[in-house]
Amino acid sequence: MSSSKYLKSRDLKIIRAWINRVKRKNEKPKKSHKKQARKRVKKQLRYKEVGCGKKRLVLDLGKRSVLKIAISVNGIKDIEREVEMYRKAPNKLKRNLAKVRESGKGWLVMKKMKRKVAKTKRTKVKARRLRKRFERSGISAGDLFSKKSKRVRWANIRRGRKRKIVVIDYGNFKFKR
Ligand SMILES: Nc1ncnc2c1ncn2[C@@H]1O[C@H](COP(=O)(O)OP(=O)(O)O)[C@@H](O)[C@H]1O
Ligand SMILES: [Mg+2]
């Protein structure tokens, strides 16, 4: 994509250069991905950081949107999956996925979700129910729970309207077949 509703052409250039670097330098140890991303792409783009996971750096585009940028090759894959999942998920489940507004190679613009969920038993039950709903639609809801399925990955969910759980990190969700 060469033009964007949310990003300046300068931003797109910086991101493109960064993603090319990510592809080249992927052999580096994991820890340095974050450091490098902050030192380079974040500094150049000059947006505030909202958060950072193992694979993606998330920057503040203002009131309504955030910019997610891959910081490793796996991050590029996660961005692609997230974009595709949002596009293909059934409408009734789309309401539980933070909206992807725009995307390109290694980046996407997502609706900003500010409100955290209460870390309670009740939310956990809700999250479990949500995972089942995804399962029934043939989607395995990857990063919603930790590997042993015991703990909710709180960093990956937010509170939407009517206390609905909204997943903000679904780069790991997959269509089963
Ligand atoms: N849509 C969003 N609204 C607000 N904060 C977000 C949003 N998406 C991500 N974040 C913040 O950025 C962090 C990292 O994003 P995430 O997509 O989970 O990256 P990773 O795939 O590396 O785990 C999240 O834990 C959260 O704090
Ligand atoms: Mg995450």
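Taking the numbering used here, the leading residue of the sequence shown gets 5, the next gets one more, and so forth.
Every residue gets a Cβ at the ideal spot worked out from N, C-alpha and C, and that includes glycine.
All values reported here derive from a predicted model rather than from experimental measurement.
Check, Outcome
"Straight-line Cα distance separating Ala-145 from Arg-137", "9 Å"
"Residues with C-beta closer than 5 Å to any heavy atom of ligand 2, in chain order", "Gly-57, Asn-160, Asp-173"
"7 Å Cβ shell around Lys-78 - same chain, five flanking residues per side excluded", "Strictly speaking, residue 78 in this sequence is Asn, with Lys absent from that position. Excluding residues within five positions, the ones whose Cβ falls inside 7 Å are Lys-59."
"Check: Arg-167 C-beta below 7 Å from any heavy atom of ligand 1", "no"
"Proximity below 8 Å, CB of Lys-109 to CB of Arg-68", "no"
"Boundaries (first-last residue) of the beta strand (DSSP E) holding Gly-117", "A small correction: the amino acid at residue 117 is Met; Gly does not occupy that position in the sequence shown. Looking at the DSSP string, Met-117 is not in any beta strand (DSSP E), and its letter there is neither H nor E."
"Asp-173 - DSSP class collapsed to helix/strand/coil", "coil"
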